[in-house]
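Worksheet: one structure, shown below.
Spelled out as structure tokens, the structure:
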């Protein structure tokens, strides 16, 4: 068991998993930013240019992906009460 | 055609329904049956005030003008919501733990409860929100005008003004009615939140309905719609990267910093867990609101006559197609969007204005000596809120009228966003960085405000309106690098991107730079630690509803503090009062207040408040609470220190008393022994006197016998009086009452006197003296000294048992003393008895030889002590030897 007052160096597996879920939750907006900036790299003129509908679809599909991921994470993320503030482990 | 009067009737009915919903929700909440009011769904829907009339009407117009750029306004909040674990969770936790009432309160509280920071944030918020409120008024009047126009009435300026006034006035009444009813610490408005949730549903349904009508009714289904979009004249993706990134940033930041968003997201939040649902459900709501924007814009551009306002396509498209019911629904949707935004913004701004400007001013102006003012403050706060709400709406109305309600107003939405965002560096810095200081935050806010005013807000009134064209082109006083839209000489940037870039860079720079070189106050450091480490310091929201579980917790805590009997008695009494004997009472506010008072009696007011607060509000202990607790603890400590000192003092006294008692007891024992000795000594002669007197009285006897017996009686009487004389003498000496009469005399004369008085007649004691040594002067009480000599000489005569008794008197001087030794040639005194002989009534030889009471040597020692000398037994001689010492004459 962990001695009182001093956090353990290693966490048991379940707790470790919970922390990684918290990391995933933090990564989600970064993922969203990156994916939504990608259209800026597309060519806007010429034959290779994306169509109006293509760009529109891309942005909205990313949106749905983010919503679904957030919903999944919201279900599996640990209870806010039981998890202390994340430390770098 | 929809009759304009029908429209007004429907609007009024709708407003009445809102009143009813709000009223019902308030009532439920007041009855404590409002659990469903605190559901995560309601919370999520209340967040929808982000989608104002600007969204409802403006998004389509935005898309028609700038393509997909409109979507950035919804992408930003989506990113913030899906990243709730990072920022929002922390913000909501801090808001609950610190009982934050507004974003100004958060900033002020974080930086050591600074009133100035609160004022700055309030100013920023009011300046930034006023155009936005004007925008809502404009959209409602415009949409009304559309219906009027459809009836053939072209609205004039006065019509617009009248409609705007009615709208603003009605909103003010509603907001004052439901926004300033309660003034509790939590600042939650159940009625308002409920009304907003209803409006959220209405506007979503309205927009979806229009969208479905457009896609399936006019566009021929999704796939055909996509083809139409592709073929449209509109270029959806002609995107400037700076604007795309900048707008996503501004919208996400504004989502956090807008006073109204902060109000619903943090202040009205009942349970941190609600964020869990909102994290994906609110992005889904935004998604749904945005989904049909592009199709409506494309079809609108296609079907509507050229030059018609794309901002009103949502309304005009159904109208032009004869879908009057749909148009009515769309109008209600827009109306809902506008009203909900204005209501919450007015409440949030009014809270800030009253808490940070009006009430502090009022308190500062009035006499401080009037201590008890809580009731007054409550009244004045409510009044300030009401006036502030009216004031905020009046500002919006005035702005609307001054700006002329043209397209210039539509552009101001983003500028307004950028203004609110100036709070972001101080906010994020404050909750993540303990090093952020109050001067840093103030510098950041002021810098941001100035840059925003100069580069974005003032130019927004149009060239030459506020800032002259010359200044726009050449800079103030010809300083080129201060040109409002080309700061530091960097030209060619989009004005919006330019303003956001510089304001945020300078703002953040000021925060970091000034914070690094300044030092925070203690309260600031405490608050900083509380904010940054909020997850270490506070417990989260409770998952159970506040009913029996709360009462149980309260009981447990009370038992720990005041003992189980007393706690259970209080709870039982309360349960009986609530009409449910035998059960746990409801944790009503009244009961909690009473309980707190009861507990305060045991642990102090501040501690009781903090403990109760922990259980009931789920809120943390504020710094003031902590300081008060510390004060109480210090007082208790001091008190116990005083007690300890007192008890030590008492113990010392008790010890002294015990010692005195022991001394007294010992003295009493001594006295008893002395008395019994005396009685014994007195009784012996008395007995013989009595018996011989009886013989003399009763018996016939010869004259010889008669005279012999009388002689015995006389002898005994003499002995008795001698004993009494001795006792008296000793008592006088011991009490120190003796008066010494110092005289100077020759020692040989003194010794002669003593020898002659010692009654040596009939005893063959041989005296050996040394006249040469004796020849000294002595200055002391000579009579007393002689008395000692007599005693010693007669003792030697009495007790010396040698065949030829001899007494040698030696005189010498040493160590500043005269020594007069009396040595006889008897057997001496055994070593163990040498100390005893100076005690009272001590007699070593058998009594027959004594003839004294054993007081002689005791008296001698007392005398010698009085005379400043001593008398000791001198061991180591063949016989008995006493040494009398006297100080040499001065």
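Chains as they are written, first to last, in our numbering: chain A, 53 to 141; chain B, 351 to 1240.
We put the beta carbon where it would ideally sit given N, CA and C, even for glycine.
What you are looking at is a predicted structure, and each value in this text was computed from that prediction instead of being measured.
- When the alpha-carbon of residue 689 of chain B is set against those of B:525, B:983 and B:929, the nearest one is in B:525.
- With three or more CB-CB distances shorter than 8 angstroms, the segment 424 to 441 of chain B counts as touching the segment 622 to 639 of chain B.
- Rounded to whole angstroms, the gap between the alpha carbons of residue 1233 of chain B and residue 1186 of chain B is 16 angstroms.
- Under DSSP, residue 1234 of chain B forms a beta bridge with B:1170 and B:1221.
- For residue 684 of chain B, the number of other beta carbons within 10 angstroms of its own is at least 16, and it is reported as buried.
- Residue burial is scored here from C-beta neighbours: residue 989 of chain B has fewer than 16 other C-beta atoms within 10 angstroms and is therefore classed as exposed.
- With three or more CB-CB distances shorter than 8 angstroms, the segment 1152 to 1159 of chain B counts as touching the segment 1171 to 1189 of chain B.
- The Cβ atoms of residue 1108 of chain B and residue 1144 of chain B lie closer than 8 angstroms to each other.
- In the pairwise beta carbon analysis, the segment 803 to 821 of chain B is classified as touching the segment 838 to 852 of chain B: at least three pairs are separated by under 8 angstroms.
- In this structure the segment 1090 to 1104 of chain B lies against the segment 1132 to 1147 of chain B, because at least three pairs of beta carbons, one per stretch, are closer than 8 angstroms.
- Cβ neighbours of residue 1208 of chain B within its own chain (closer than 7 angstroms, five residues either side excluded): 1080, 1188, 1189 and 1190.
- Residue 787 of chain B and residue 874 of chain B do touch by the CB rule: their CB atoms are close to 7 angstroms apart, below 8 angstroms.
- Two segments are said to touch when three or more pairs of C-beta atoms, one from each, lie closer than 8 angstroms; by this definition the segment 506 to 526 of chain B touches the segment 475 to 494 of chain B.
- Counting only runs that start and end inside the segment 633 to 695 of chain B, the alpha helix (DSSP H) elements of at least 4 residues fall at 643 to 653 and 663 to 670.
- Between the alpha carbons of residue 1061 of chain B and residue 1050 of chain B lies a distance of about 17 angstroms.
- Cβ-Cβ distances below 8 angstroms link residue 1126 of chain B to 1096, 1097, 1161, 1163 and 1168 in the same chain, with the five nearest sequence neighbours on each side left out; the list follows chain order.
- Residue range 1156 to 1164 is occupied by the beta strand (DSSP E) that includes residue 1162 of chain B.
- Under the 10 Å beta carbon count, residue 1148 of chain B is surrounded by 16 or more other beta carbons and is classified as buried.
- As computed with DSSP, residue 1050 of chain B is found in no beta bridge at all.
- By the neighbour-count criterion, in which 16 or more other beta carbons inside 10 Å mark a residue as buried, residue 983 of chain B falls on the exposed side.
- In this structure, the CA atom of residue 356 of chain B is about 11 angstroms from the CA atom of residue 498 of chain B.
- In this structure, residue 454 of chain B and residue 471 of chain B form a Cβ contact; the two beta carbons are roughly 4 angstroms apart against a cut-off of 8 angstroms.
- For residue 637 of chain B, the residues of chain A that pass the 8 angstroms Cβ criterion are 112, 115, 116 and 119, in the order they occur in the chain.
- In this structure, the beta-carbon distance from residue 545 of chain B to residue 700 of chain B does not fall below 8 angstroms.
- The Cβ atoms of residue 594 of chain B and residue 405 of chain B do not sit closer than 8 angstroms to each other.
- Here the alpha carbon of residue 1037 of chain B sits roughly 23 angstroms from the alpha carbon of residue 1206 of chain B.
- Assignment of residue 1091 of chain B by DSSP, reduced to helix, strand and coil, places it in the coil class.
- Neighbours of residue 78 of chain A in chain B, taken as residues at a C-beta separation under 9 angstroms, are given in chain order as 433, 435 and 436.
- Between residue 877 of chain B and residue 468 of chain B, the beta carbon gap of about 13 angstroms keeps them out of contact (Cβ cut-off 8 angstroms).
- Under the three-pair Cβ rule at 8 angstroms, the segment 591 to 607 of chain B counts as touching the segment 768 to 782 of chain B.
- Put simply, the backbone Cα of residue 495 of chain B is about 20 angstroms away from that of residue 647 of chain B.
- Partner residues in the beta bridge of residue 1117 of chain B, as assigned by DSSP, are B:1157.
- Close to residue 81 of chain A, with beta-carbon spacing below 8 angstroms, are these residues of chain B in chain order: 429, 430, 432, 433 and 436.
- With a threshold of 16 other beta carbon atoms within 10 Å, residue 867 of chain B falls short and is exposed.
- In the displayed model, residue 480 of chain B falls within a helix according to three-state DSSP.
- Taking one beta carbon from each stretch, the segment 573 to 580 of chain B and the segment 410 to 424 of chain B have fewer than 3 pairs nearer than 8 angstroms; the two do not touch.
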